[in-house]
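Residue numbering for the sequence shown is 0 to 107, as defined by this note's numbering.
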Amino acid sequence: MAQARTARRTSLEAYMEALASFNDFEAEVGEVAAEIAEMADLMVYGAAELQKNLDRWPSRERLQVMARDWNASHAALMCLWQHLTPAEQRQAPNLPRMDGGDPSRPIV
Numbered sequence: 000m001a002q003a004r005t006a007r008r009t010s011l012e013a014y015m016e017a018l019a020s021f022n023d024f025e026a027e028v029g030e031v032a033a034e035i036a037e038m039a040d041l042m043v044y045g046a047a048e049l050q051k052n053l054d055r056w057p058s059r060e061r062l063q064v065m066a067r068d069w070n071a072s073h074a075a076l077m078c079l080w081q082h083l084t085p086a087e088q089r090q091a092p093n094l095p096r097m098d099g100g101d102p103s104r105p106i107v
């Protein structure tokens with residue numbers, strides 16, 4: 000009889016240990032699940048922010064038009080710059096160096 004009680008107690012203790020271990024595991028799984036849910040929320044928020052920014056960016060066609068306009072403007076400025084004498088170029092310090100030179104060095 001004492002042996003049966005000891006066996007039941009041992010079984011009960013083993014069950015309680017297993018239950019405590021399972022509760023610890025369940026708590027850890029709950030924490031991990033909460034972290035995953037938080038990461039998923041951040042990913043959804045990030046995707047929404049990215050889409051909002053993408054919606055504000057110009058289309059590829061608009062970028063091509065802007066590049067063509069910039070290239071045309073740059074070519075026109077280069078043409079004008081080449082028609083300035085070095086003295087006139089020195090008198091216009093706020094103009095960018097269209098010859099590709101270092102802006103801190105004088106034009107000769």
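Yeah, the Cβ is synthetic: ideal placement off N, Cα and C, and Gly gets one too. Every value quoted in this text rests on a predicted model; they were computed, and no experiment measured them.
Check: DSSP-derived helix/strand/coil call for threonine 9; Outcome: helix
Check: DSSP-derived helix/strand/coil call for leucine 83; Outcome: coil
Check: C-alpha gap between leucine 18 and lysine 51, whole angstroms; Outcome: 49 Å
Check: For glycine 29 and threonine 141, the rounded distance between their alpha carbons; Outcome: Residue 141 cannot be examined here, being either before or after the span of the chain that is shown, 0 to 107.
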